[in-house]
Amino acid sequence: MSKHLKLLLPLLLTIVVNTVFAQLAPYDEVLEGNINSNKVLSANKRYLLRGFVNVNEPATLTIPPGTIIYGEKSSKGTLIINRGAKIIANGTKEKPIIFTSQQPVGQRAAGDWGGIIIAGRARINVPGGTAVIEGGTGTVYGGGDNPNDDDSSGVLRYVRIEFPGIAYLPDNEINGLTLAGVGRKTVIEYVQVSYSGDDSFEWFGGTVNAKYLVAYKGIDDDFDTDFGYRGKCQFLFGFRDPNIADISGSNGFESDNDGTGTLNEPRTQPIYSNVTLIGPLPTPDFTQFNANFRRGAHLRRSTLTSIYNSIIMGYPVGLLIDGQNTVDAAVAGNLQIRNTIVAGSQTGKNITSNIQAFDVATWFNTQTFSNKVYDNSTQVGLVDPFNLSKPNPVPTSNSVAVNAASFQNERLQDKFFTRVSYIGAFDPNGPRWDEGWTNYDPQNTNYNVTSDLKENTVVPVDFVLYQNYPNPFNPSTTISFTINKPAYVKLSVYNSLGQEVDNLVNEYKTQGTYNITWQPKDLTSGIYYYTLYTEGKAISKKMMLLK
100 MSKHLKLLLP
110 LLLTIVVNTV
120 FAQLAPYDEV
130 LEGNINSNKV
140 LSANKRYLLR
150 GFVNVNEPAT
160 LTIPPGTIIY
170 GEKSSKGTLI
180 INRGAKIIAN
190 GTKEKPIIFT
200 SQQPVGQRAA
210 GDWGGIIIAG
220 RARINVPGGT
230 AVIEGGTGTV
240 YGGGDNPNDD
250 DSSGVLRYVR
260 IEFPGIAYLP
270 DNEINGLTLA
280 GVGRKTVIEY
290 VQVSYSGDDS
300 FEWFGGTVNA
310 KYLVAYKGID
320 DDFDTDFGYR
330 GKCQFLFGFR
340 DPNIADISGS
350 NGFESDNDGT
360 GTLNEPRTQP
370 IYSNVTLIGP
380 LPTPDFTQFN
390 ANFRRGAHLR
400 RSTLTSIYNS
410 IIMGYPVGLL
420 IDGQNTVDAA
430 VAGNLQIRNT
440 IVAGSQTGKN
450 ITSNIQAFDV
460 ATWFNTQTFS
470 NKVYDNSTQV
480 GLVDPFNLSK
490 PNPVPTSNSV
500 AVNAASFQNE
510 RLQDKFFTRV
520 SYIGAFDPNG
530 PRWDEGWTNY
540 DPQNTNYNVT
550 SDLKENTVVP
560 VDFVLYQNYP
570 NPFNPSTTIS
580 FTINKPAYVK
590 LSVYNSLGQE
600 VDNLVNEYKT
610 QGTYNITWQP
620 KDLTSGIYYY
630 TLYTEGKAIS
640 KKMMLLK
């Protein structure tokens, strides 16, 4: 072999590996066009959303726990539940329903597909009572002359929505999860939106309530409300990557009555309690963040948003009360912020308003409001809130958030609200409600493992993967495979969520049989899967660790 060829071989192998493994995720069935009658998906299949997929009245789309659905990038795959139709996506903590990018591991990005749009017949404040949702889908929402605030569009429970939020036109994007004119009998709880290309969650009018939401590393706003949204939301967590923000200005909360700030009824009046928003600034003097980050809460254009028992920290500006109508609402007590902590903004920017005659700091610090302002986020006392790969926003035992909540306010008397003693989204005494079903590293999750995490039964002729021995095992086991010709081989181990926990082989191998001993270090007892990739093919088997 020549000297030059020897030098080029590692580069050539790298190109081969990238070519072999950088493939779009496989799927079993395409969802496209119109769904006009009831349809039930299968957790044993993987699905591809192609283009705008419309579920139309009176159809119900039922998605069982553990189902994986990819959004096709080239066609801007988007799932739309139209007025009168329903979605029943009732996942479980152990088997969440996953909507995600079809792109390969390491090549996924915000905006790889459209997202989920749900349209209902509840009231909105647009004249005439109906409107067309932004995003270019043509979806109509709102109840018109016969609105129904008790409308039901179904259930979203234990659902992950990853890498959605595509820009159809400038300032006309599809959000991660859009809830447009959705009624209060719809169930929205335990939903995570990650890496959305626009807002993670946006409500356009309606009355739907929501609990246990995670907005993770989105580009635009975490929680956006407008056009007369009047629902209740509790236990929300928003987390930002300092490098990811939108040119339009990225906020934790953003709220308008409508696009021009009219006083149209019903007024936008969401009620939030127990929210934790973690912005891009771990310290007030931190400068290595995207300049498009703006405010933890931007309340503007005549909104009547109210926030209780919450934490807003690490944004360049903590709170902005924007516009005379919004200020008037705050002074009159129609817009309320109570038992809430704002911390860690740039110097002098924790609490702000653009109406000079309004002493916003005095208002916010009114004794009976029980709000608190801290210069540094560390003063709040959360465990590790700014950790970019494993955020831990739980209060420590001596945090100022402990035993600081109140549910005496008349707006919190609804039975929807769970009465807790702590401020923020997480109980200092645990357990965390986001554990077991969320994924804080979807970029590196292998979704090629079959959706119900059974063993892959398609055995390629070019290689054989054997059952590990012993199985169950502790502390180690041997995984064997045979390849019938020289090839580049990757052997990885995944947990039950499809997250890679170890890579055992990732190199060029000659023909033969190989025995690999695996001794997991910091893993708990449970079921794991090992997958062998070569020649553009893959096979998986199941094993059990018993400690």
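Remember, this note's numbering sits 99 above the position in the sequence shown when you count from 1.
Glycine included, C-beta positions come from ideal geometry on N, C-alpha and C.
Quick check: what's the CA-CA separation for residue 443 versus residue 127?
Here residue 443 is taken as the residue at index 344 of the sequence shown, counted from 1. Here residue 127 is taken as the residue at index 28 of the sequence shown, counted from 1. Residue 443 and residue 127: Cα-Cα distance of roughly 48 Å.
Roughly how far, in whole angstroms, is the beta-carbon of residue 174 from the beta-carbon of residue 210, given that I think they are within contact range, below 8 Å?
The residue labelled residue 174 in the question sits at position 75 within the sequence shown. The residue labelled residue 210 in the question sits at position 111 within the sequence shown. Not confirmed; about 13 Å, so no contact.
Alpha carbon of residue 645 to alpha carbon of residue 619, nearest angstrom:
By one-based count along the sequence shown, residue 645 stands at place 546. By one-based count along the sequence shown, residue 619 stands at place 520. Going from the Cα of residue 645 to the Cα of residue 619 covers about 11 Å.
Quick one: give me the first and last residue of the alpha helix (DSSP H) that residue 430 is part of.
Against the sequence shown, residue 430 aligns to sequence position 331. From DSSP, the alpha helix (DSSP H) with residue 430 extends over 423-431.
Count Cβ pairs between the region 499-517 and the region 378-389 that sit closer than 8 Å; are there 3 or more?
no
Beta carbon of residue 132, beta carbon of residue 156: below 7 Å?
As a first step, residue 132 is located in the sequence shown; it is residue number 33 there, counting from the start. As a first step, residue 156 is located in the sequence shown; it is residue number 57 there, counting from the start. Taking 7 Å as the Cβ cut-off, residue 132 and residue 156 do not qualify as a contacting pair.
Would you kindly check if the distance between the Cβ of residue 221 and the Cβ of residue 176 is under 7 Å?
Indexing the sequence shown from 1 puts residue 176 at position 77. Indexing the sequence shown from 1 puts residue 221 at position 122. Not closer than 7 Å, so no.
Alpha carbon of residue 343 to alpha carbon of residue 317, nearest angstrom:
As a working mapping, residue 343 is identified with position 244 in the sequence shown. As a working mapping, residue 317 is identified with position 218 in the sequence shown. Going from the Cα of residue 343 to the Cα of residue 317 covers about 7 Å.
Residue of 188, 449 and 238 minimising C-alpha distance to residue 290
Looking up residue 290 in the sequence shown gives position 191. Here the closest residue by C-alpha is 188.
How far does the beta strand (DSSP E) with residue 459 in it extend, from its first residue to its last?
Here residue 459 corresponds to residue number 360 of the sequence shown, with the count starting at 1. Note, residue 459: premise wrong, no beta strand (DSSP E); alpha helix (DSSP H) at 459-463.
Mind listing, in chain order, the continuous beta strand (DSSP E) runs of no fewer than 3 residues lying wholly within the region 172-217?
177-180, 185-189 and 196-200
Strictly by DSSP, which residues pair up with residue 572?
Here the question's residue 572 lines up with position 473 in the sequence shown. Per DSSP, 644.
Give me the residue from 248, 159 and 147 with the minimum Cα distance to residue 213.
By 1-based counting over the sequence shown, the position of residue 213 is 114. When only C-alpha atoms are compared, the closest one is 147.
Tell me whether the beta-carbon of residue 241 lies closer than 7 Å to the beta-carbon of residue 230.
Residue numbering aside, residue 241 sits at position 142 when the sequence shown is read from its first letter. Residue numbering aside, residue 230 sits at position 131 when the sequence shown is read from its first letter. Yes, the Cβ-Cβ distance between residue 241 and residue 230 is below 7 Å.
Hey, would you say residue 484 sits closer than 7 Å to residue 293, going by beta carbons?
If you number the sequence shown from 1, residue 484 lands on position 385. If you number the sequence shown from 1, residue 293 lands on position 194. No. Outside cutoff.
Quick check on the burial criterion: 16 or more other C-beta atoms within 10 angstroms. Buried or exposed for residue 524?
Residue numbering aside, residue 524 sits at position 425 when the sequence shown is read from its first letter. Looking at its Cβ environment, which holds 16 or more other Cβ atoms inside 10 Å, residue 524 is buried.
Does the Cβ-Cβ distance between residue 395 and residue 411 come in under 7 Å?
In the sequence shown, residue 395 corresponds to position 296, counting from 1. In the sequence shown, residue 411 corresponds to position 312, counting from 1. Yes, the Cβ-Cβ distance between residue 395 and residue 411 is below 7 Å.
Residues in its own chain within less than 6 Å of residue 602 by CB, not counting five upstream and five downstream?
Counting from one through the sequence shown, the residue named residue 602 turns up at place 503. Within the same chain, residue 602 has close Cβ partners 591.
Mapping DSSP to helix, strand and coil, what is residue 553?
For this step, residue 553 is matched to residue 454 along the sequence shown. Here the model assigns residue 553 a pLDDT of 41, short of 50, so the residue's position is not dependable and the matter cannot be decided.
Within a Cβ cutoff of 6 Å, which residues of the same chain sit near residue 628, ignoring the five residues on either side of it in sequence?
Locating residue 628 in the sequence shown gives position 529, counting from the first residue. Excluding residues within five positions, the ones whose Cβ falls inside 6 Å are 548, 593, 639 and 641.
Which residue comes first and which comes last in the beta strand (DSSP E) that contains residue 323?
Position 224 of the sequence shown, counted from the start, is the residue given in the question as residue 323. Residues 322-325.
Three-way DSSP call (helix, strand, coil) for residue 419 in this model
On the sequence shown, position 320 is the one that residue 419 refers to. It is a strand residue.
Minimum C-alpha distance to residue 491 - residue among 339, 179, 192 and 303:
On the sequence shown, position 392 is the one that residue 491 refers to. Nearest option by C-alpha distance: 339.
Pick out whichever of 376, 367 and 351 has its Cα sitting closest to the Cα of residue 357.
In the sequence shown, the residue the question calls residue 357 occupies position 258. Considering only alpha carbons, the answer is 367.
Would you be able to state if there are at least three C-beta pairs under 8 Å between the region 346-355 and the region 306-313?
no
What residue from 370, 414 and 455 has the CA that sits closest to residue 434's CA?
In the sequence shown, counting from the first residue as 1, residue 434 sits at position 335. For residue 434, the nearest C-alpha among the options comes from 370.
Looking only at its own chain, which residues have a Cβ that is under 6 Å from the Cβ of residue 557, when we skip the five neighbours before and after it?
Locating residue 557 in the sequence shown gives position 458, where the first residue counts as 1. For residue 557, the predicted structure reports a pLDDT of 39, less than 50, and the residue's modelled location is therefore unreliable. The matter cannot be settled from this model.
Option in 141, 529 and 473 with minimal Cα separation from residue 495:
Here the question's residue 495 lines up with position 396 in the sequence shown. Minimum Cα distance to residue 495 is reached at 529.
Going by Cα to Cα distance, which pick from 429, 475 and 589 is closest to residue 447?
Residue numbering aside, residue 447 sits at position 348 when the sequence shown is read from its first letter. Nearest of 429, 475 and 589 to residue 447, Cα basis: 475.
Between which two residues does the beta strand (DSSP E) carrying residue 471 extend?
Position 372 of the sequence shown, counted from the start, is the residue given in the question as residue 471. 471-473 is the extent of the beta strand (DSSP E) around residue 471.
Could you round the C-beta distance between residue 470 and residue 439 to whole angstroms and report it? I think they count as a contact, below 8 Å.
For the purposes of this step, residue 470 is identified with residue 371 of the sequence shown, where counting begins at 1. For the purposes of this step, residue 439 is identified with residue 340 of the sequence shown, where counting begins at 1. Residue 470 to residue 439, Cβ: 5 Å. Contact.
Should residue 430 be labelled buried (16 or more other beta-carbon atoms within 10 Å of its own) or exposed?
The residue you call residue 430 lines up with position 331 of the sequence shown. With fewer than 16 other Cβ atoms within 10 Å, it is exposed.
Kindly indicate the opening and closing residues of the beta strand (DSSP E) around residue 312.
The residue given as residue 312 occupies position 213 in the sequence shown. 309-315 is the span of the beta strand (DSSP E), which, as asked, contains residue 312.
Opening and closing residue of the beta strand (DSSP E) in which residue 302 lies
Position 203 of the sequence shown, counting from 1, holds the residue named residue 302. That run of the beta strand (DSSP E) goes 300-303.
With a 10 Å radius around its C-beta and 16 neighbouring C-beta atoms as the bar for buried, classify residue 587 as buried or exposed.
By one-based count along the sequence shown, residue 587 stands at place 488. With 16 or more other Cβ atoms within 10 Å, it is buried.
By the three-class DSSP mapping on this structure, what secondary structure does residue 517 have?
As a first step, residue 517 must be located in the sequence shown, where it is residue number 418. Note: residue 517 maps to coil in three-state DSSP.
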